[in-house]
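Asker: For reference, the structure I am asking about is given below.
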Amino acid sequence: MKKFIVFFGILFFTLHLNAQNLSIFVASSASKAMSEVKDEFLKTHPEDKIELVFGASGKYYELLKQGREFDLFFSADTKYTKAIYDDKNALIKPKVYVLGVLALYSLDENLLQ
Numbered sequence: 304m305k306k307f308i309v310f311f312g313i314l315f316f317t318l319h320l321n322a323q324n325l326s327i328f329v330a331s332s333a334s335k336a337m338s339e340v341k342d343e344f345l346k347t348h349p350e351d352k353i354e355l356v357f358g359a360s361g362k363y364y365e366l367l368k369q370g371r372e373f374d375l376f377f378s379a380d381t382k383y384t385k386a387i388y389d390d391k392n393a394l395i396k397p398k399v400y401v402l403g404v405l406a407l408y409s410l411d412e413n414l415l416q
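Residue numbers (our numbering): 304 to 416.
Here's what the structure looks like:
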């Protein structure tokens, strides 16, 4: 988590050089982590405003195509970031910044087969 916060702290800092108001889409699955990153960043940059918009990547990709603007777009599915780039709505190619792990558990062993 510490590397994650440092990485995004640097990212937000570089954006800070050009903007004080950021609108960032974040896939719902990363809402807790990105909220923590935002809070840490704002401790050292209290004059900045960061709007985190949480939701489904597909829904917000469609809104982006209709004119909704985001400074950053953190999707849970690389197909949407690739589509944004292919649509020429991104300055650089998308990058995978973290891989998740899914764990399934149940008291009923039959559900795990």
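Where is the CB? At the ideal position from N, CA and C, for every residue including glycine.
Quick one: grab the DSSP three-state call for residue 354.
Answerer: Here residue 354 corresponds to residue number 51 of the sequence shown, with the count starting at 1. Of the three classes helix, strand and coil, the one that applies to residue 354 here is strand, per DSSP.
Asker: Indicate whether residue 331 and residue 361 have their beta-carbon atoms separated by less than 9 Å.
Answerer: Sequence index remark: in the sequence shown, residue 331 carries index 28 (1-based). Sequence index remark: in the sequence shown, residue 361 carries index 58 (1-based). No, the pair does not count as a contact, with Cβ atoms beyond the cut-off.
Asker: Counting C-beta neighbours from all protein chains within 10 Å, is the total for residue 352 16 or more, i.e. buried, or is it exposed?
Answerer: Residue numbering aside, residue 352 sits at position 49 when the sequence shown is read from its first letter. Its Cβ having fewer than 16 others within 10 Å, residue 352 is exposed.
Asker: Taking only the alpha-carbon atoms, compute the straight-line gap between residue 325 and residue 368 and give it to the nearest angstrom.
Answerer: Residue numbering aside, residue 325 sits at position 22 when the sequence shown is read from its first letter. Residue numbering aside, residue 368 sits at position 65 when the sequence shown is read from its first letter. Taking the straight line from one Cα to the other gives about 19 Å.
Asker: Are residue 364 and residue 383 closer than 9 Å when you measure CB to CB?
Answerer: On the sequence shown, position 61 is the one that residue 364 refers to. On the sequence shown, position 80 is the one that residue 383 refers to. In this structure, residue 383 lies closer than 9 Å to residue 364 by Cβ.
Asker: Would residue 282 be called buried (16 or more neighbouring beta carbons within 10 Å of its own) or exposed?
Answerer: The structure shown does not extend to residue 282, since the chain is modelled only from 304 through 416, so no value can be given for it.
Asker: Closest by CA to residue 403, which one among 390, 379 and 385?
Answerer: Taking the sequence shown and counting its residues from 1, one reaches residue 403 at position 100. That would be 379, whose Cα lies nearest to the Cα of residue 403.
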